[in-house]
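Going by this note's numbering, 87 is the number at position 87 of the sequence shown; the sequence numbering is gapless.
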Amino acid sequence: MHARKALLKGLSPRQNREIPELQYDKVYRIKQEFPSLEIILNGGVKSIPEMQQHLSQVDGVMIGREAYKHPQFLLDIDQVLFDQPGPDRNLTDVVRLYCRYMEGNLEQGVPLNAMAKHLLSLFQGVPGAKLWRRHLSEHIHQVGANVAVIEQALTLLQEDTADID
């Protein structure tokens, strides 16, 4: 359930993500009135403490936009929320695993840009991240592009900074 009413006329998509105000209290009230209904809150959640606060009122929380902009955000969720070990913290290793996945999809005709555009922000805050983004942006759309584009982009990052702590 989205915590913001979408206004279909007069606002750009960006404005519609900011106007009107988020109304978490209305989502909470619906959950209270219909406790057997599974309510997953969507809208504006940007941190694990915020997730924890919402999870005390609803059954789940969506974090799509924040995860897309700052993928490292996902690294601590398993440990903090579920007391489970998190994923591999070496993002270079994660990218190489993803390359294997992409190779299989490339063989099925899925273009590289459909899979790799989501990697643009992965190394945000890591030395070489700007070069990483530029290389991907310039090459993933080319006809016949494959995972070699990703491997080339990885060489632009500083090896010792690919671990996110």
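Where a beta carbon is used, it is the ideal one built from N, C-alpha and C, also for glycine. Keep in mind it's a predicted model, so treat the numbers as computed, not measured.
Next on the checklist: Am I right that Leu41 and Val61 are in contact with their C-beta atoms under 8 Å? What's the rounded C-beta distance?
Outcome noted: About 5 Å separates the Cβ atoms of Leu41 and Val61, confirming a contact at the 8 Å cut-off.
Checklist entry - To which residues does DSSP link Gly60 through a beta bridge? => result BP columns for Gly60 point to Ile40.
Item to check | Nearest residue (CA-CA) to Glu138, options Glu18, Pro20, Pro127, Gln152 | outcome: A check of alpha carbon separations from Glu138 across Glu18, Pro20, Pro127, Gln152 identifies Gln152 as the nearest.
Item to check | Residues sharing a beta bridge with His2, DSSP | outcome: Asn42, per the DSSP bridge assignment.
Item to check | Range covered by the alpha helix (DSSP H) that runs through Arg17 | outcome: Looking at the DSSP string, Arg17 is not in any alpha helix (DSSP H), and its letter there is neither H nor E.
Checklist entry - Does DSSP classify Asn105 as helix, strand or coil? => result DSSP places Asn105 within a helical segment (H, G or I) once states are collapsed to three.
Checklist entry - Which residues in the same chain have their Cβ closer than 6 Å to the Cβ of Pro13, if we skip the five residues on either side of it in sequence? => result Cβ neighbours of Pro13 within its own chain (closer than 6 Å, five residues either side excluded): none.
Next on the checklist: For the alpha helix (DSSP H) containing Lys130, name the first residue and the last one.
Outcome noted: Counting along the chain, the alpha helix (DSSP H) containing Lys130 begins and ends at 129-139.
Next on the checklist: Quick test of your reading: Lys69 and Ser121, contact by CB under 8 Å. State the CB separation rounded to the nearest angstrom.
Outcome noted: Lys69 to Ser121, Cβ: 6 Å. Contact.
Checklist entry - CA-CA distance, Glu50 and Phe82? => result If I take the Cα positions, the gap works out to 15 Å.
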